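Its first residue numbered 281, the sequence shown is counted upward by one per residue in our numbering. Cβ coordinates follow ideal geometry from the N, Cα and C atoms, glycine included. Note that the coordinates shown come from a computational prediction; the quantities given were computed from them, not determined experimentally. Worksheet for the structure shown next.
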Amino acid sequence: MTTTSDPLHALYTDEAEVRSELARVQDICHGCRQCIDLCGSFPTLFDMLDRMSKPSAGLLTPAEQDQVVSECVHCTLCAVDCPYGPQQNDRSRNGSAGNGAAAQQADVDVPRLMLRARAMQFEHGHLAGTGKKAARVLARPDRVGRIATRVPSIANAVIGSKTGSRRRRLLARLTGVSADRHLGTFAAQRFSAWFRERPTIKLHRRQAAVMVFPTCLVEYQATSIGKDLVKVYERNGVECGVSSARCCGAPLLHAGDIAAFRKVAEKNLSQLATEIRDGKDIVVPQPACAHVLTVDSVEHVSSVDARVDAALVAEHTYDASGYLVGLHRGDDYVLDTDFEGETHRRITYQASSHMRARGVGYPSRDLMRLTGARIEVIQEPSGVGGIWSLRTRTDADDSTTQRLAERVAAGTGGVVASDSHLASLAIAERTGMMPIHPLQVVARAYGIPDEI
Ligand code: SF4
Ligand code: SF4
């Protein structure tokens, strides 16, 4: 059995190897059970094993294993505090307290194992019917976004219609996209077009320069996040450009199409590396996409050139809030803390799973704190780890989303904030409250008006 997480390993998608490795890790998880509340995947696994007189994950059928894998939304959260996982290995290597020896022996890394299992399913044709349809639509958000933003009223009449409605059920049958999830709507003008067409801005005091990697969600749907990002950055002397790189490829990766993902990743890394060599840092307003650029892409590309580009991109790519907080903490930079606009005494903030998994701390919380607000941090995951989790799933366990919604609804903040647009849509779906991005909290605090 191979315990590899290396997508370039010859046995990476070997079905027998992957299924043995799933069984080995699932037995450890069953003994541990720490992640029971993180997603639908763990309770499904534990229910299956608890029904056996002598629980053993090796006795699960391939269909049962596939169901457990299918319920993973690739939020990466189960790696954060796993006592047998990669972070324990890191802590042990760094000499801090940790469970290093046991972790090295157990070698549990469920998020990477789920990516491996998904790649195995894709290669061996185990994607169920709606999964195949969804792979043609959800896995290509650039293509869908380009078409939808040309005819936004038609696109929005379909995807913006009530969840569960006849129109949404028809869409689900045709495309494999869930009829029950809030999908958001498309903008009439793409973020990059807005950026190109606006008057040239003369910076008061140039302190840094970045390229915004807009992500599909900001480029085609939540364009106001990108507009506020640029305005907040420019107010703080950070010159902005918009990267020519395309979708990070997350939906392809999560659908298991690693050959297509590798192609996209190599192209993007080459483009981003050129922009970095030109003196720019890269900022990303969506945490799942930042994770793909700085972690998954690095691990999946194969050529020597692409690996060099990947290392450079990982070093120079930042979450949108993290970049500003990093500058603020440095010695040579002055962040404008003159907040004469709309501020809040308390803000309820849903912390991003992908930012926690990357160990970057809570930069959005720290940035919003500068406005004078007390930040109530909610750690619950959203149950929507990326666009691929919006496919129709007969096995969908939405208790994760529901738990988050209940925590948010009980929050005391005057406003709800989240870095992830998909998490925001999930919260809005259950509570009726649409969170805003932390940079939008800062934009309003500066008195920058909302621009739809
Ligand atoms: S992933 Fe780690 S923490 Fe979570 S249940 Fe498995 S062994 Fe426990
Ligand atoms: S990565 Fe997230 S969704 Fe997948 S098994 Fe781990 S906690 Fe669950």
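By Cβ distance, which residues of its chain are closer than 7 Å to residue i, with the 5 residues on each side in sequence left out?
i	result
L615	N516, L604, L607, H608
D307	S336, A337
L418	V457, P531, I667, W668, L670, R671
E295	M400, H404
A590	L549, S577, V578, V581
V305	V388, V390, L393
Tell me whether residue i is buried or exposed, calling it buried when 16 or more other Cβ atoms sit within 10 Å of its Cβ.
i	result
T692	exposed
H580	buried
Q501	buried
Q630	buried
H289	exposed
K560	buried
Q314	exposed
G375	Note on G375: pLDDT 49, under 50, position unreliable in the model; no value is reported.
H484	exposed
L702	buried
E546	buried
E555	buried
Q720	buried
G712	exposed
Q345	buried
R373	Because the pLDDT at R373 is just 48, under 50, the model does not fix this residue reliably, and the point stays unresolved.
S633	buried
A397	buried
E660	buried
T293	buried
T356	buried
G610	exposed
V518	buried
A437	exposed
G694	exposed
T662	According to the sequence displayed, residue 662 carries Ser and not Thr. Classification of S662: buried, given that the 10 Å Cβ count is 16 or more.
I655	buried
R446	exposed
L652	This sequence places Gly at residue 652; Leu is not what is there. Classification for G652: exposed.
Please return the same chain residues whose Cβ sits closer than 6 Å to the Cβ of residue i, not counting the five positions on each side in sequence.
i	result
P715	V696, A697, S698, S704, I707
V563	V490, V492, Y598, A600, Y603
E620	G727
V390	C358
A250	Because the chain is modelled from 281 through 732, residue 250 falls outside the range shown and cannot be assessed.
L329	H310, P335
I439	L463
Please report the residue range of the beta strand (DSSP E) in which residue i lies.
i	result
M491	488–492
I562	561–564
S698	695–698
R654	654–658
Taking 8 Å as the cut-off, is the C-beta of residue i nearer than that to any heavy atom in ligand 3?
i	result
M635	Ligands in the displayed structure: ligand 1 and ligand 2; ligand 3 is not one of them.
Looking only at its chain, what residues have a beta carbon closer than 8 Å to the beta carbon of residue i, apart from the 5 residues adjacent to it on each side?
i	result
V640	D599, G602
A586	A545, E546, L549, S550
V349	L302, S321, M394, A397, R398, Q401
R423	none
The alpha helix (DSSP H) that contains residue i, what's its start and end?
i	result
V438	432–439
E403	390–403
I556	538–557
V427	It should be noted that the sequence gives Ile, not Val, for residue 427. First-last of the alpha helix (DSSP H) with I427: 421–428.
Y726	718–726
E579	577–580
P661	Neither: P661 is in no alpha helix (DSSP H) and is coded neither H nor E.
P729	From DSSP, P729 is part of no alpha helix (DSSP H); its letter is neither H nor E.
T680	679–689
S704	701–711
P715	It is not in any alpha helix (DSSP H) - P715 carries neither H nor E in the DSSP assignment.
H571	567–571
Those runs of the beta strand (DSSP E) which lie wholly inside the stretch 590–651 and span at least 3 residues: For the stretch 590–651, whole beta strand (DSSP E) runs of length 3 or above, ordered along the chain, are 597–599, 626–630.
Which whole runs of the beta strand (DSSP E) in the stretch 453–535 are 3 residues long or more, in chain order? Taking only runs of at least 3 residues, the beta strand (DSSP E) segments lying wholly in the stretch 453–535 are 488–492, 518–522.
Answer yes if the stretch 519–533 comes into contact with the stretch 541–553, meaning at least three C-beta pairs across the two stretches below 8 Å, and no otherwise. Touching, yes, given that three or more Cβ pairs across the two stretches are closer than 8 Å.
Could you give the uninterrupted runs of the alpha helix (DSSP H) lying entirely in the stretch 302–362, keeping only those of 4 residues or more? Runs of the alpha helix (DSSP H) inside the stretch 302–362: 321–330, 342–350.
Does the contact criterion of 3 or more C-beta pairs under 8 Å hold for the stretch 517–530 versus the stretch 568–579? Touching, yes, given that three or more Cβ pairs across the two stretches are closer than 8 Å.
Sufficient close CB pairs (3 or more, under 8 Å) joining the stretch 452–461 to the stretch 664–674: Three or more Cβ pairs drawn from the stretch 452–461 and the stretch 664–674 lie within less than 8 Å of each other, which places the two stretches in contact.
With contact counted as at least three CB pairs below 8 Å, one residue from each stretch, are the stretch 419–430 and the stretch 494–514 in contact? The answer is yes - the stretch 494–514 touches the stretch 419–430, with three or more Cβ pairs under 8 Å.
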